[in-house]
Amino acid sequence: MAKMGSRKHLKRYNAPKTWPIHPKEDTWTVKPAPGTHAINDSLPLLVIIRDILGIADNSREAKRLINTGNVLIDGRAKKDYKFPVGFMDILSIPKTGENYRILLDTKGRLTLHPISAEDAEFKLAKIVNKSTIKGGKTQLNLHDGRNVIVEEDNYSAYDVVCLNIPEQEIKENFEFGEDVVVLVTGGKHTGELGKIQEVIVDQSSKANTVIIEKANKDTFLTLKDYAFVIGKDEPAIDLLEVNQ
6 MAKMGSRKHL KRYNAPKTWP IHPKEDTWTV KPAPGTHAIN DSLPLLVIIR
56 DILGIADNSR EAKRLINTGN VLIDGRAKKD YKFPVGFMDI LSIPKTGENY
106 RILLDTKGRL TLHPISAEDA EFKLAKIVNK STIKGGKTQL NLHDGRNVIV
156 EEDNYSAYDV VCLNIPEQEI KENFEFGEDV VVLVTGGKHT GELGKIQEVI
206 VDQSSKANTV IIEKANKDTF LTLKDYAFVI GKDEPAIDLL EVNQ
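Note that our numbering gives residue 37 to position 32 of the sequence shown, counting from 1, and the numbers run on in steps of one.
Written out as C-alpha coordinates, the structure reads:
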(Lines of atoms letter the chains of each structure in order from A and count residues from 1; the text may use other names and numbers.)
(Lines give C-alpha, C1' and ligand atoms only; values in the text may rest on other atoms or scores of the structure.)
Protein backbone atom coordinates (compact mmCIF):
# COMPACT_ATOMS: atom_id res chain seq x y z
CA MET A 1 0.00 0.00 0.00
CA ALA A 2 1.35 3.40 -0.97
CA LYS A 3 2.06 5.85 1.85
CA MET A 4 -0.09 8.93 1.92
CA GLY A 5 1.43 12.40 1.79
CA SER A 6 -1.62 14.14 3.27
CA ARG A 7 -5.33 13.62 3.58
CA LYS A 8 -6.09 15.22 0.22
CA HIS A 9 -2.84 14.87 -1.67
CA LEU A 10 -0.26 12.23 -2.49
CA LYS A 11 3.45 12.63 -3.19
CA ARG A 12 4.32 11.41 -6.66
CA TYR A 13 7.16 9.19 -5.48
CA ASN A 14 4.68 7.46 -3.15
CA ALA A 15 2.09 6.92 -5.88
CA PRO A 16 1.18 3.27 -6.57
CA LYS A 17 3.32 1.44 -9.13
CA THR A 18 0.13 0.87 -11.11
CA TRP A 19 0.07 4.57 -12.03
CA PRO A 20 1.78 5.34 -15.38
CA ILE A 21 3.16 8.73 -14.29
CA HIS A 22 6.71 10.00 -13.81
CA PRO A 23 7.56 10.18 -10.08
CA LYS A 24 9.86 13.21 -10.36
CA GLU A 25 7.99 15.65 -12.60
CA ASP A 26 6.17 17.32 -9.68
CA THR A 27 6.14 16.89 -5.93
CA TRP A 28 2.43 16.23 -5.47
CA THR A 29 -0.32 14.46 -7.32
CA VAL A 30 -4.00 13.79 -6.61
CA LYS A 31 -5.14 11.22 -4.09
CA PRO A 32 -8.19 9.24 -5.32
CA ALA A 33 -11.41 9.59 -3.36
CA PRO A 34 -12.69 6.49 -1.56
CA GLY A 35 -15.02 4.71 -3.94
CA THR A 36 -15.44 1.87 -6.38
CA HIS A 37 -11.75 0.91 -6.54
CA ALA A 38 -8.92 0.87 -4.00
CA ILE A 39 -6.11 3.42 -4.42
CA ASN A 40 -3.67 0.80 -5.74
CA ASP A 41 -6.20 -0.32 -8.33
CA SER A 42 -7.34 3.06 -9.67
CA LEU A 43 -6.34 6.38 -11.19
CA PRO A 44 -7.87 9.72 -10.14
CA LEU A 45 -9.87 11.28 -12.97
CA LEU A 46 -7.73 14.45 -12.91
CA VAL A 47 -4.51 12.45 -13.41
CA ILE A 48 -6.04 10.76 -16.46
CA ILE A 49 -7.18 14.03 -18.05
CA ARG A 50 -4.04 16.07 -17.28
CA ASP A 51 -1.14 13.62 -17.10
CA ILE A 52 -2.13 10.68 -19.29
CA LEU A 53 -4.39 12.04 -22.01
CA GLY A 54 -2.84 15.52 -21.87
CA ILE A 55 -6.06 17.29 -22.82
CA ALA A 56 -5.57 19.81 -20.01
CA ASP A 57 -2.36 21.73 -19.31
CA ASN A 58 -2.87 22.02 -15.58
CA SER A 59 -5.13 20.94 -12.75
CA ARG A 60 -7.35 24.02 -13.07
CA GLU A 61 -8.17 23.23 -16.70
CA ALA A 62 -8.68 19.56 -15.89
CA LYS A 63 -11.07 20.36 -13.03
CA ARG A 64 -13.06 22.71 -15.27
CA LEU A 65 -13.41 20.04 -17.96
CA ILE A 66 -14.47 17.41 -15.46
CA ASN A 67 -16.87 19.73 -13.61
CA THR A 68 -18.80 20.48 -16.81
CA GLY A 69 -19.78 16.80 -17.08
CA ASN A 70 -17.78 16.21 -20.26
CA VAL A 71 -16.12 13.04 -18.97
CA LEU A 72 -18.13 9.83 -18.60
CA ILE A 73 -17.21 6.74 -16.62
CA ASP A 74 -19.25 3.69 -17.59
CA GLY A 75 -21.63 5.97 -19.48
CA ARG A 76 -22.32 8.38 -16.63
CA ALA A 77 -20.88 11.86 -16.05
CA LYS A 78 -18.44 12.10 -13.13
CA LYS A 79 -17.72 15.60 -11.81
CA ASP A 80 -15.39 14.66 -8.95
CA TYR A 81 -11.82 15.17 -10.15
CA LYS A 82 -10.67 12.63 -7.54
CA PHE A 83 -13.06 9.92 -8.75
CA PRO A 84 -11.21 6.55 -8.86
CA VAL A 85 -11.12 4.98 -12.32
CA GLY A 86 -10.00 1.35 -12.37
CA PHE A 87 -9.57 -1.90 -14.27
CA MET A 88 -12.20 -2.52 -16.96
CA ASP A 89 -13.89 0.87 -16.47
CA ILE A 90 -14.95 2.68 -19.65
CA LEU A 91 -13.92 6.33 -19.97
CA SER A 92 -15.64 8.38 -22.69
CA ILE A 93 -15.36 11.99 -23.84
CA PRO A 94 -18.45 12.54 -26.04
CA LYS A 95 -17.32 15.92 -27.41
CA THR A 96 -14.21 14.39 -28.97
CA GLY A 97 -15.63 10.93 -29.63
CA GLU A 98 -12.84 9.30 -27.60
CA ASN A 99 -13.46 6.07 -25.69
CA TYR A 100 -11.06 4.06 -23.57
CA ARG A 101 -11.11 0.81 -21.62
CA ILE A 102 -8.83 0.67 -18.57
CA LEU A 103 -6.54 -2.37 -18.83
CA LEU A 104 -3.33 -3.63 -17.23
CA ASP A 105 -0.07 -3.90 -19.14
CA THR A 106 2.54 -6.57 -18.45
CA LYS A 107 4.25 -4.27 -15.92
CA GLY A 108 1.07 -4.06 -13.88
CA ARG A 109 0.33 -0.45 -14.84
CA LEU A 110 -3.18 0.79 -15.48
CA THR A 111 -3.40 1.79 -19.14
CA LEU A 112 -6.02 3.56 -21.25
CA HIS A 113 -6.73 1.48 -24.35
CA PRO A 114 -8.61 3.30 -27.16
CA ILE A 115 -11.78 1.48 -28.21
CA SER A 116 -14.66 2.06 -30.63
CA ALA A 117 -17.98 3.64 -29.67
CA GLU A 118 -19.56 0.19 -30.07
CA ASP A 119 -17.09 -1.40 -27.63
CA ALA A 120 -17.75 1.43 -25.18
CA GLU A 121 -21.36 0.26 -24.81
CA PHE A 122 -20.41 -2.60 -22.48
CA LYS A 123 -17.95 -3.48 -19.74
CA LEU A 124 -16.81 -6.65 -18.00
CA ALA A 125 -17.08 -7.06 -14.24
CA LYS A 126 -15.94 -9.97 -12.11
CA ILE A 127 -18.20 -11.46 -9.43
CA VAL A 128 -16.20 -11.45 -6.20
CA ASN A 129 -19.03 -12.82 -4.05
CA LYS A 130 -22.81 -12.96 -3.82
CA SER A 131 -25.53 -12.98 -1.19
CA THR A 132 -29.25 -13.62 -0.84
CA ILE A 133 -31.29 -10.53 -0.01
CA LYS A 134 -34.88 -9.78 0.92
CA GLY A 135 -37.40 -11.46 -1.33
CA GLY A 136 -35.08 -14.34 -2.14
CA LYS A 137 -33.25 -12.38 -4.81
CA THR A 138 -29.50 -12.64 -5.29
CA GLN A 139 -27.10 -9.72 -5.07
CA LEU A 140 -23.89 -10.02 -7.08
CA ASN A 141 -20.96 -8.04 -5.69
CA LEU A 142 -18.60 -7.06 -8.49
CA HIS A 143 -14.89 -6.21 -8.58
CA ASP A 144 -15.56 -2.54 -9.35
CA GLY A 145 -17.58 -2.01 -6.19
CA ARG A 146 -21.03 -2.12 -7.77
CA ASN A 147 -23.82 -4.51 -6.84
CA VAL A 148 -26.27 -6.08 -9.27
CA ILE A 149 -29.50 -7.75 -8.16
CA VAL A 150 -30.73 -10.72 -10.21
CA GLU A 151 -33.99 -12.65 -10.07
CA GLU A 152 -32.44 -16.05 -10.84
CA ASP A 153 -29.17 -17.20 -9.35
CA ASN A 154 -27.29 -18.61 -12.33
CA TYR A 155 -23.98 -17.08 -11.32
CA SER A 156 -20.93 -18.04 -9.29
CA ALA A 157 -17.95 -16.23 -7.80
CA TYR A 158 -15.16 -15.75 -10.37
CA ASP A 159 -17.67 -15.60 -13.23
CA VAL A 160 -17.48 -12.37 -15.24
CA VAL A 161 -20.63 -10.59 -16.36
CA CYS A 162 -20.90 -8.37 -19.41
CA LEU A 163 -22.90 -5.24 -18.51
CA ASN A 164 -24.67 -2.81 -20.83
CA ILE A 165 -23.59 0.81 -20.34
CA PRO A 166 -25.01 2.90 -18.80
CA GLU A 167 -27.99 0.70 -17.85
CA GLN A 168 -25.73 -1.81 -16.06
CA GLU A 169 -27.94 -4.70 -17.11
CA ILE A 170 -26.34 -8.12 -17.56
CA LYS A 171 -26.26 -9.09 -21.25
CA GLU A 172 -24.00 -12.14 -20.92
CA ASN A 173 -22.19 -14.25 -18.35
CA PHE A 174 -18.75 -15.77 -18.87
CA GLU A 175 -18.48 -18.72 -16.50
CA PHE A 176 -15.19 -19.46 -14.80
CA GLY A 177 -13.70 -22.84 -15.66
CA GLU A 178 -11.42 -24.79 -17.95
CA ASP A 179 -10.86 -23.65 -21.55
CA VAL A 180 -12.11 -20.08 -21.01
CA VAL A 181 -9.95 -17.09 -21.98
CA VAL A 182 -8.51 -15.12 -19.07
CA LEU A 183 -6.40 -12.02 -18.51
CA VAL A 184 -4.06 -12.22 -15.52
CA THR A 185 -4.48 -9.30 -13.10
CA GLY A 186 -1.76 -9.97 -10.52
CA GLY A 187 1.59 -11.63 -9.85
CA LYS A 188 4.55 -11.91 -12.22
CA HIS A 189 2.29 -12.82 -15.14
CA THR A 190 0.13 -9.68 -14.87
CA GLY A 191 -1.26 -8.60 -18.23
CA GLU A 192 -0.72 -11.97 -19.90
CA LEU A 193 -3.47 -13.70 -21.87
CA GLY A 194 -4.28 -17.39 -22.08
CA LYS A 195 -6.78 -20.19 -21.57
CA ILE A 196 -7.35 -22.04 -18.32
CA GLN A 197 -5.97 -25.54 -18.77
CA GLU A 198 -6.71 -26.78 -15.27
CA VAL A 199 -8.13 -25.50 -11.98
CA ILE A 200 -6.23 -26.88 -8.99
CA VAL A 201 -8.30 -27.01 -5.80
CA ASP A 202 -6.35 -27.13 -2.55
CA GLN A 203 -8.70 -28.21 0.24
CA SER A 204 -6.23 -27.10 2.92
CA SER A 205 -5.87 -23.58 1.56
CA LYS A 206 -8.09 -20.89 0.08
CA ALA A 207 -5.31 -19.96 -2.37
CA ASN A 208 -6.51 -22.16 -5.23
CA THR A 209 -4.49 -21.98 -8.42
CA VAL A 210 -4.96 -22.40 -12.15
CA ILE A 211 -2.71 -23.56 -14.98
CA ILE A 212 -2.93 -21.21 -17.95
CA GLU A 213 -1.85 -22.02 -21.50
CA LYS A 214 -0.71 -19.20 -23.76
CA ALA A 215 -1.15 -19.01 -27.53
CA ASN A 216 2.39 -20.35 -28.02
CA LYS A 217 1.48 -23.40 -25.87
CA ASP A 218 3.69 -22.30 -22.97
CA THR A 219 2.00 -22.78 -19.59
CA PHE A 220 2.29 -21.09 -16.22
CA LEU A 221 0.71 -21.30 -12.79
CA THR A 222 -1.09 -18.40 -11.13
CA LEU A 223 -3.60 -17.79 -8.36
CA LYS A 224 -7.25 -18.32 -9.17
CA ASP A 225 -7.95 -14.82 -7.85
CA TYR A 226 -5.76 -13.38 -10.63
CA ALA A 227 -7.63 -15.07 -13.49
CA PHE A 228 -10.14 -12.61 -14.98
CA VAL A 229 -12.38 -14.24 -17.59
CA ILE A 230 -12.67 -12.13 -20.76
CA GLY A 231 -14.36 -14.60 -23.11
CA LYS A 232 -15.24 -18.19 -23.90
CA ASP A 233 -13.36 -19.24 -27.02
CA GLU A 234 -11.78 -15.85 -27.72
CA PRO A 235 -11.57 -12.44 -26.03
CA ALA A 236 -14.83 -10.49 -25.99
CA ILE A 237 -12.91 -7.21 -25.80
CA ASP A 238 -10.13 -5.53 -27.74
CA LEU A 239 -6.80 -5.79 -25.92
CA LEU A 240 -3.43 -4.08 -25.67
CA GLU A 241 -0.81 -5.50 -28.01
CA VAL A 242 1.32 -6.46 -25.01
CA ASN A 243 -1.53 -8.60 -23.65
CA GLN A 244 -1.81 -10.71 -26.77
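Beta carbons are placed, not taken as given, at the ideal position from N, Cα and C, and that holds for glycine.
On the three-state DSSP scale, how would you describe residue i?
| i | result |
| --- | --- |
| K139 | helix |
| R81 | strand |
| I44 | helix |
| L58 | coil |
| T32 | The predicted model places T32 with a pLDDT of 41, which falls under 50 and marks its position as unreliable; any figure quoted below should be read in that light. Coil. |
| A125 | helix |
| I175 | strand |
| V185 | coil |
| V52 | helix |
| I95 | strand |
So the beta strand (DSSP E) residue i belongs to, where does it begin and stop?
| i | result |
| --- | --- |
| R106 | 103-109 |
| L245 | From DSSP, L245 is part of no beta strand (DSSP E); its letter is neither H nor E. |
| N169 | 165-169 |
| I217 | 214-218 |
| G199 | 198-205 |
| G236 | 232-236 |
| P119 | 115-119 |
| V90 | 89-91 |
Once you ignore the five residues that flank residue i on each side, which residues in its own chain have a CB closer than 8 Å to its CB?
| i | result |
| --- | --- |
| L228 | G191, G192, A212, N213, T214, V215 |
| E239 | V186 |
Under 7 Å Cβ to Cβ from residue i, same chain only, skipping five residues before and after it: list those, please.
| i | result |
| --- | --- |
| E218 | G199, K200, Q202, T224 |
| P171 | D79, G80, R81 |
| E174 | L168 |
| Q249 | L198 |
| F233 | K131, V165, V187, L188, T190 |
| F127 | C167, L168, N169, I170, K176 |
Within the continuous alpha helix (DSSP H) that includes residue i, where are the two ends?
| i | result |
| --- | --- |
| N72 | 64-72 |
Can you list, in chain order, the residues of its chain whose CB lies under 6 Å from that of residue i, leaving out five sequence neighbours each side?
| i | result |
| --- | --- |
| Y163 | F181 |
| L108 | T116, H118, L245 |
Do you know how far the Cα of residue j is from the Cα of residue i?
| i | j | result |
| --- | --- | --- |
| I154 | K176 | 14 Å |
| T195 | D46 | 13 Å |
| I98 | N63 | 18 Å |
| I242 | L226 | 24 Å |
| V165 | L50 | 25 Å |
| G150 | L70 | 25 Å |
| N75 | L147 | 26 Å |
| N221 | K68 | 45 Å |
Which residue or residues does DSSP assign as beta-bridge partners of residue i?
| i | result |
| --- | --- |
| S161 | Paired residue(s): none; S161 is not in a bridge. |
| A241 | Partner(s): none; A241 has no beta bridge. |
| N251 | Residue 251 is absent from the model: the chain starts at 6 and stops at 249. |
| K131 | V165 |
| T227 | V215 |
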